[in-house]
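Undergrad: Sharing a structure below in structure tokens format, with a few things to ask.
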Amino acid sequence: MKEFCFYILLVFVLLFTACTDGDLEPVLSNDKDIDIGINKLEDLQGLANGMHDRLTATAYYGRNMQIYGEVRSDNCFANGKTGRFVPEAQMTVNPDNSNGPWEAMYAVIASANIIIQQDLNTFSGDSQKLKQIAGQAYVVRALAHFDLLRLYGQQHAGGTLGIPYVVRYKCDERMPLRSTVELNKKAIFEDIETGLNLMTEANNPNTKQFISTFTALALKARVALYFKEWEKAKTAAQTIVNSGKFEIVDAAGFVNSWKTKSGINSIFELAASSTDNLGINGLQFIYRGPSYGDIEVLDDLKAIFSETDVRNSPAMIGYETVTGKQRLRNMGKFPSADFSDNIALMRFEEMVLILAEAKIELEEPDALEVLNRIPSKRGAALYKEATKANVLLERRKELCFEGFRFDDLARTGSDIPLVDQFRQTHGGPKYASFKFAFPIPAVEMNANSNMVQNEGYK
Amino acid sequence: MKFFFVLILFFLFLQNQHVNAQNFIITGKVTNSDDGAAISGVSVVAKGSGLGTTTNSEGEYQFEVPQNTKSLVFSFVGMKTMEMPISTNTINVSLKTDYVGIGEIVALGYAEKVKNEITGSSFQVKGSRIANVPVTSIDQALQGKVPGLVVSTPSGTPGTMQDIRIRGVGSITSSNNPLFIIDGVPVINDNFTGELVRSSFGALSALNSDDIESITILKDASATSAYGARGSNGVIVITTKKGSPGKTRFSAISWVGFQNNATEGYQVLNGVQREELMLEAVHNTFGVPEDEAYNFIIEKNLTNSLKTWVEKYNRKEGNWNNLLQNKNALAQNYDVSASGGGAVSSYFASLGYNNTEATVAGGGFQRISGKFNFQHDFSQKVKFSSNMMVSNTRQDAFLEQSIYFGNQNATRYMMSPWEQPFLADGATLNTAIASSFFNTLYTLENDVYENDLTRGMLNSYIEWEITSNLTFKTVYAGDYNVAAFHTYQNRVHGDGKAKGGTAIQSVTRNYNQVSQNSLNYKFSAVNHNLAFKALMEYQVNNYNFLQGSGEKFPADGLYYLSAASSNLDANAGFNDWKNMSYLGMVNYNFSGKYIADFTYRYEGSSLFAPENRFGNFWSAGVAWNISEEGFLQDLNFIDNLRFRASYGLSGSSALGINQYQALLGYDKSYAGEGAVYPRQIGNPGLTWEKNKNLDAGVDYSFFDGRLKGSFAWYSKKTFDLLQLVPISRTMGHESMMMNVGSIMNKGFEAVVQGDIVRSGDFNINIGANIATVNNEVAALAKDAAGNDINIEDRLRKVAVGHPVYGWYMRKWAGVNPENGNAQWYINGKDGEVTANYNAAKKEWQGESAIPKLTAGLLTHVDFKGFFADINLYYAGGHKVYEDFSFLTHHTGFFSFTVFNGVNELMKRWQKPGDITNVPKVWYGARDDSRESTRFLYRGDYVRIKDLVFGYRLPVIWTGKIGCENIALSVRGTNLFAFVKDNGLKFDPEVGADGLTRMTTPPVKSVVFGVNLNF
């Protein structure tokens, strides 16, 4: 009978260990399946948050985009302390290391396209709020394509090729061709218009941390300026100026405005906080401090300011002693040691300067008055003439360290000025040199045989 | 499936109601034919019944055998098996030493087989060969002992994982790691480190090498297809020690010794050399006379650190390279074990302790392990065995996976010698370092960086002999790993300073369980022997993760999260994978001459989409034991000669969790709210990676085993590669997991072993093994235009017709003797040169990181009680790239302003006509040390892996104190290496990617050991 008991025992063991084919289904704990995960307003808002969050990537507006605009100019240089931005400052970026911004920007576009291609009629929730989010997505899509074009397009490097304009997530065209700069421009303006049509001012967010109708207008003004469409730039900038929603920060408040969230001069800024920030990979760490601090200011920039200009105060451009050496630094923009500053992307002051520049180009009589609105609030002397040179000088003063300088040089057909032979390493490339465009990344070239490399990198 | 087994049980229950026949008793004694000594533990089996016993400590046995038994079979490890007909009630046997080894039992995981019945390629290493080797992870001890197995060392930090490659590399972006089997069940071999930037921490380091009975490496389809789905990268079968009947035997093993970096590595620039280079660079760049360069530097505010060093520190050398090494690091190991048992039960128990310091300052490794094996026969037919292992392993995990500012190995090379590690008092560590790198002497002393793994394994089975032909076995195995991780970065200096101190604590819990049920059926008629196996296996892995982090500590000396006051954050997750398979095996053996086997496995994995989960895998093998044929019987010098061949299909599911799904990620936030983003593009068509493997070989043994070995040829084609294929970044993702492409690995392996001298007290044995790998990419993913999607990084490329990740970079053309400029070949090969780095093309530079030829030489000599071993290992036909050379060889400011350089830079070009490989120095950015063949070296080397001298005390002495065996030994590991390319200053043993790293280098050790048995 003992053996019988063994049989019983074994049956128990088998019941314990046996199983069926259905036991192979895995668990998803922190992710959701994309096909079943989006159907409510809150899902769409989550995706919009994700889209905004992707704008803050280090390789994009978290840090690199701004620095590219500064080290490829006469504003700043890379001291090579940690090796960061050395190729960019030399303007010898090669295809092996030009992929960061390319990937970050197309990731933003993917996030925008997922929102855009939802059928909002099937969603539950306030339909105007849903449309507002869709509008934000169109604007972000335009912004990211515009930024791709600024870095990789051939418009200032002697060519006509732009970048692929992607309008669908997981589209069938897996290897898109490069479009032309002209077609890119058209698509960017179209997306901005679509965004404007979907959004309403009443539904604009309470903070400046999300895309609003004014962001769309500001982007329109900026793109129009870049492409010398002065009427368009003027109209968009004028609309913002006339809205009465924004003001130029005055000299007394200027330093502090960089620590203020959603300030009166802010049109759009990216959110950061002391608990959610890029830490050492953000702008604070690259502009200052002993650990990175790779980006220093050229004496030439400091020299253009007057003594009384608040933008030249030690709190804005000053000396920091690190690793046994005095270094000229951007002290005032993105200043907080705990990385908690929001990243200003569109300021009202930029709109005033766009308006002034458009008026100068259109030879309107009040151009000088508009231009002088900025220096008058900075403790600086007023301009006597409304000239292109003066508005570019004022832009350099007002917008330094925010990444505008390279494009201001490029769009006006200027060479990159060589003002410091010890510290600038690019050697002052002439306008329309191939160096004015980044190479298409090698990873893109390898995966997409339709892609055409920029001249000079083949 | 469940129902099926119950049905079989019921059927067997009915059928098995037989009555025992009349039995009779046989007694006898078993001795060794060499010296007449009694042998205990010999297995005595009544042929045909499956009943058996073992001899006691006097070599005697008493055995009640069934009446119809014709003969008894006597077998013992290392002895020739004998079969004795039953003619009287007393049978005494004298067993002969088996030099040939054809009766050797080889553990194949699910089954053990006699060597002569195997059709596949496998290689067994006895536990005794690795027991005394001073390594923290047993895989490290295998190098050079197994043909076709390449073990490489990405880091010498104790406890880290090794890169193991069996017969080349079959996968491009998926794992190439073999499958590990312990005592018949698949186990995980994951990296349990808390942060991937830190030293890896392998689950294998939780095993005590003294608990290992044998390790078998399975290489071809016939051997691995039993593991079907997951054996395509080879299988490593570990069998742990079990109890054996007889009086209790105790064993104690201990060794103590010291370790150092096996290779000296580069010397770095000292302060005086650094000053010389900086002044010369200023002279070269700005045209300032060299004697005025010092003042020029200060006037132009180029740097202050030179002035500080000269005026404040009086040119005192920092000497970082030496200070950050832990010379003569102590390593010690103690193990005690006991084994014994009676007629129905036996046990093995052990306790082990290992403590190994790292050869860099500030850390070490500790392991306490215990093992208990218990075997008991519930009845003559039902056997039970349970195996338990528990260990706790602690590792100091260095920030070493890249050149982090807190990486002490990087600090050795990159810290300016002008910076002072100590304050003026000479005792206090200096935290005011004017460098991006930290004073790692301070951070190592004041930070916490600890990995802690507790691993518990249980493996129990019941084996029931239903009839003499049919057995049923059910196995349950659990493997529980609890990994705790804790870092604290102090408030004063280092990474934690900016945040007021930071801490991370995490707990990873991983439970892996396997259940197996199998039926074995044997059938013999005249010369035909058939064996069948049906097996079902189910494996579940549950992974749980919980991590907390925080910043801003109110006071020093507080290390745990409770004291953090800001940025408190928590992460947690759960994932699982499951594997289910059904296996059928048939073995056919015709009178020991002709062997054939066939294996089929149907396996499913949760890692694939529901419609693609299951795959079919199979293998077939044949062997011809030609020496058993009548026509060779007259050739007495042939002990054994056999041919074997196998072919089959195996697979791999080596990919991450949930890769087939298009997923939205929810782990980000924006403006204080949850942010959702497309994490993964997904691929619902994802299925098994497959591998077709052809293998043919010869095994031979001549002159009574004086010359024996094997030869094998293989051709392995891996296809439907699980590959992370780069896609156009315009899709918003970098890559997509696909089944595409194929890779060929071909080669041969040979083993020769010879007893040059064989006599009672003088023996010389030499063994050699050699293996080749010819690796080539046969196909890749294609883009829509039909072009291959090549994978390229800054140094390597994957393209059809070349080895996987063949070296692909610009070709160095030396220094122009006229002007000291660096030059590269414009076309990447030969001919015209250019001084413009970007004008030179990247080109294939030959070879890859995979050694084409590896070999081992193992020599053993013993004379009376003295013994000596020397083991050599050779790897060659590959190239190694010196990573981070861009910084350490920089002829611009990185080496003498920002960081530090190697003293090789002192050979720089200085004046026209200088012939050198180091360009002139320059104060500014330079391309000279960017990726090129200047830093690509031939990887060939020979290393003395082991050098052992020992003495076994005579039994007449040891007997007086009651010991059977006392052996004393001194062992040197990795003592010397001969590197072919004298440009390669770092250790030639690098990770499988072929890059030198700023990790702890491989170590050499000298240890003194005592082995005791009583």
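Residue numbers (the working numbering), protein chains in the order written: chain Z, 1 to 458; chain R, 1 to 1014.
We put the CB at the ideal spot given by N, CA and C, even for glycine.
Keep in mind it's a predicted model, so treat the numbers as computed, not measured.
Give me the residue from Gly135/Z, Leu382/Z, Phe406/Z and Ala303/Z with the minimum Cα distance to Thr200/Z.
TA: Reading the first sequence from its first residue, position 200 is the one you call residue 200/Z. The candidate whose alpha carbon is nearest that of Thr200/Z is Gly135/Z.
Undergrad: Taking Lys383/R as the reference, which of Val268/R, Ile25/R and Val344/R has the closest Cα?
TA: Residue numbering aside, residue 383/R sits at position 383 when the second sequence is read from its first letter. The shortest Cα separation from Lys383/R among Val268/R, Ile25/R and Val344/R belongs to Val344/R.
Undergrad: If you draw a straight line from the alpha carbon of Asp407/Z to that of Lys232/Z, how long is it in whole angstroms?
TA: Taking the first sequence and counting its residues from 1, the one referred to as residue 407/Z is at position 407. Taking the first sequence and counting its residues from 1, the one referred to as residue 232/Z is at position 232. When rounded, the distance between both Cα atoms is 19 Å.
Undergrad: One question on the structure: do Glu264/R and Lys708/R come within less than 9 Å of each other, judged by their Cβ atoms?
TA: Residue 264/R sits at position 264 when you count from the first residue of the second sequence. Residue 708/R sits at position 708 when you count from the first residue of the second sequence. In this structure, Lys708/R does not lie closer than 9 Å to Glu264/R by Cβ.
Undergrad: In the DSSP assignment, find the alpha helix (DSSP H) that holds Gly1030/R and state where it starts and stops.
TA: An answer regarding residue 1030/R cannot be provided, because it is not within the stretch 1 to 1014 covered by chain R.
Undergrad: Whole angstroms is fine: what's the gap from Leu151/Z's alpha carbon to Gly100/Z's?
TA: Here the question's residue 151/Z lines up with position 151 in the first sequence. Here the question's residue 100/Z lines up with position 100 in the first sequence. Roughly 12 Å between the two C-alpha positions.
Undergrad: Closer than 9 Å, CB to CB, is Asp761/R near chain Z or not?
TA: Position 761 of the second sequence, counted from the first residue, corresponds to residue 761/R. Not closer than 9 Å to any Cβ of chain Z, the Cβ of Asp761/R fails to qualify, so no.
Undergrad: According to DSSP, simplified to helix, strand and coil, what is Met451/Z?
TA: Here residue 451/Z is taken as the residue at index 451 of the first sequence, counted from 1. Reduced to three states, the DSSP call for Met451/Z is coil.
Undergrad: Please report the distance separating the alpha-carbon of Lys717/R from that of His156/Z.
TA: For the purposes of this step, residue 717/R is taken as the residue at position 717 of the second sequence. For the purposes of this step, residue 156/Z is taken as the residue at position 156 of the first sequence. Rounded to whole angstroms, Lys717/R to His156/Z spans 50 Å at the Cα level.
Undergrad: Which partner residues of Gly697/R appear in the DSSP bridge assignment?
TA: On the second sequence, residue 697/R is found 697 positions in, with the first residue counted as 1. The partner list for Gly697/R (beta bridge, DSSP) reads Arg644/R and Ala712/R.
Undergrad: Pick out the complete alpha helix (DSSP H) segments inside the region 200 to 226 of chain R, 4 residues or longer, and give them in chain order.
TA: Fully enclosed alpha helix (DSSP H) runs of 4 or longer: 221 to 224.
Undergrad: Is any heavy atom of the ligand ZN found at a distance shorter than 8 Å from the C-beta of His889/R?
TA: With respect to small molecules bound, the structure shown includes none, and the ligand ZN cannot be examined in it.
Undergrad: Whose CA, out of Asp420/Z, Tyr457/Z and Ala447/Z, lies closest to the CA of Ser433/Z?
TA: In the first sequence, the residue the question calls residue 433/Z occupies position 433. Selected option, being the one with the closest Cα: Tyr457/Z.
Undergrad: Would you please state the rounded distance, in angstroms, between the beta carbons of Phe210/Z and Ile240/Z? I believe it to be under 8 Å.
TA: The count along the first sequence starts at 1 and reaches residue 210/Z at position 210. The count along the first sequence starts at 1 and reaches residue 240/Z at position 240. That pair is no contact at about 17 Å.
Undergrad: For Ala381/Z and Glu361/Z, what's the separation of their Cα atoms in angstroms?
TA: On the first sequence, position 381 is the one that residue 381/Z refers to. On the first sequence, position 361 is the one that residue 361/Z refers to. Distance between the alpha carbons of Ala381/Z and Glu361/Z: 23 Å.
Undergrad: Taking 6 Å as the limit between beta carbons, can you name the residues of its chain near Lys578/R, skipping five residues before and five after?
TA: Position 578 of the second sequence holds residue 578/R. Within the same chain, and ignoring the five residues on either side of Lys578/R in sequence, the residues whose Cβ sits closer than 6 Å to its Cβ are Val540 and Ser606.
Undergrad: What residue ranges within the region 35 to 83 of chain R form continuous beta strand (DSSP E) runs of no fewer than 3 residues, ordered along the chain?
TA: 43 to 46, 52 to 54, 60 to 66 and 71 to 75
Undergrad: Spell out a yes or no on whether the region 371 to 379 of chain Z and the region 117 to 124 of chain Z are touching, meaning 3 or more CB-CB pairs, one atom from each, closer than 8 Å.
TA: The answer is no - the region 117 to 124 of chain Z does not touch the region 371 to 379 of chain Z, with fewer than three Cβ pairs under 8 Å.
Undergrad: Residue range of the alpha helix (DSSP H) that Thr235/Z falls in?
TA: In the first sequence, the residue the question calls residue 235/Z occupies position 235. Thr235/Z -> alpha helix (DSSP H) spans Trp230 to Ser243.
Undergrad: Using DSSP with H/G/I as helix, E/B as strand and the rest coil, what is Gln910/R?
TA: The count along the second sequence starts at 1 and reaches residue 910/R at position 910. Gln910/R falls in the coil class under three-state DSSP.
Undergrad: Tell me whether the beta-carbon of Gly972/R lies closer than 9 Å to the beta-carbon of Asp946/R.
TA: The residue labelled residue 972/R in the question sits at position 972 within the second sequence. The residue labelled residue 946/R in the question sits at position 946 within the second sequence. The answer is yes: Cβ separation under 9 Å.
Undergrad: Using 10 angstroms around the beta-carbon of Asn982/R, count the other beta-carbons present and answer buried if the total reaches 16, otherwise exposed.
TA: For the purposes of this step, residue 982/R is taken as the residue at position 982 of the second sequence. With fewer than 16 other Cβ atoms within 10 Å, it is exposed.
Undergrad: Per DSSP, what kind of secondary structure is Thr1000/R in: helix, strand or coil?
TA: As a first step, residue 1000/R is located in the second sequence; it is residue number 1000 there, counting from the start. Three-state DSSP puts Thr1000/R in coil, outside helix and strand.
Undergrad: Which residues, in order along the region 42 to 71 of chain Z, keep a beta-carbon less than 8 Å from a beta-carbon of chain R?
TA: The residues in question are Asp43, Gln45, Gly46, Leu47, Asn49, Gly50, Met51, His52, Asp53, Arg54 and Thr56.
Undergrad: What does the alpha-carbon distance come out to for the pair Asn683/R and Gly786/R?
TA: Mapped onto the second sequence, residue 683/R falls at position 683. Mapped onto the second sequence, residue 786/R falls at position 786. Roughly 20 Å separates the two Cα atoms.
Undergrad: Quick one: is Lys81/Z near chain R, going by C-beta distance under 9 Å?
TA: Position 81 of the first sequence holds residue 81/Z. Closer than 9 Å to some Cβ of chain R, the Cβ of Lys81/Z qualifies, so yes.
Undergrad: Within 10 angstroms of the Cβ of Phe1016/R, are there 16 or more other Cβ atoms? Answer buried if so, exposed if not.
TA: This structure cannot speak to residue 1016/R, because chain R is shown only from 1 to 1014.
Undergrad: Helix, strand or coil: how does DSSP classify Val419/Z here?
TA: One-based indexing of the first sequence puts residue 419/Z at position 419. Three-state DSSP puts Val419/Z in coil, outside helix and strand.
Undergrad: Counting only runs that start and end within the region 825 to 898 of chain R, where is the alpha helix (DSSP H) found for 4 or more residues in a row?
TA: 885 to 888
Undergrad: Looking only at DSSP bridge pairs, what is Cys76/Z linked to?
TA: Start at 1 with the first residue of the first sequence, and residue 76/Z comes out as number 76. DSSP output for Cys76/Z lists Val297/Z as bridge partner(s).
Undergrad: Between which two residues does the alpha helix (DSSP H) holding Lys220/Z run?
TA: Position 220 of the first sequence, counted from the start, is the residue given in the question as residue 220/Z. Element bounds for Lys220/Z: Thr213 to Tyr226.
Undergrad: Going along the chain, which residues of its own chain have a beta-carbon closer than 7 Å to the beta-carbon of Lys186/Z, five neighbours each way excluded?
TA: The residue labelled residue 186/Z in the question sits at position 186 within the first sequence. Correct list: empty, nothing qualifies.
Undergrad: Fully enclosed by the region 100 to 167 of chain Z, which alpha helix (DSSP H) runs are 4 residues long or longer?
TA: Within the region 100 to 167 of chain Z, the runs of alpha helix (DSSP H) that reach at least 4 residues and sit entirely inside it are, in chain order, 127 to 152.
Undergrad: Along the chain, where does the alpha helix (DSSP H) containing Met278/R start, and where does it finish?
TA: Here residue 278/R corresponds to residue number 278 of the second sequence, with the count starting at 1. Taken as a continuous stretch (DSSP letters only), the alpha helix (DSSP H) holding Met278/R covers Gly271 to Phe286.
Undergrad: Quick check: Asp294/Z and Lys81/Z, are their CB atoms within less than 9 Å of each other?
TA: Numbered from its first residue, the first sequence carries residue 294/Z at position 294. Numbered from its first residue, the first sequence carries residue 81/Z at position 81. Going by C-beta atoms, Asp294/Z is nearer than 9 Å to Lys81/Z.
Undergrad: Return yes when the Cβ of Asp914/R is within less than 9 Å of the Cβ of Asn817/R, no when it is not.
TA: Residue mapping note: residue 817/R aligns to position 817 of the second sequence, counting from 1. Residue mapping note: residue 914/R aligns to position 914 of the second sequence, counting from 1. Per the sequence presented here, residue 817/R reads as Pro, with Asn not at that position. Yes, the Cβ-Cβ distance between Pro817/R and Asp914/R is below 9 Å.
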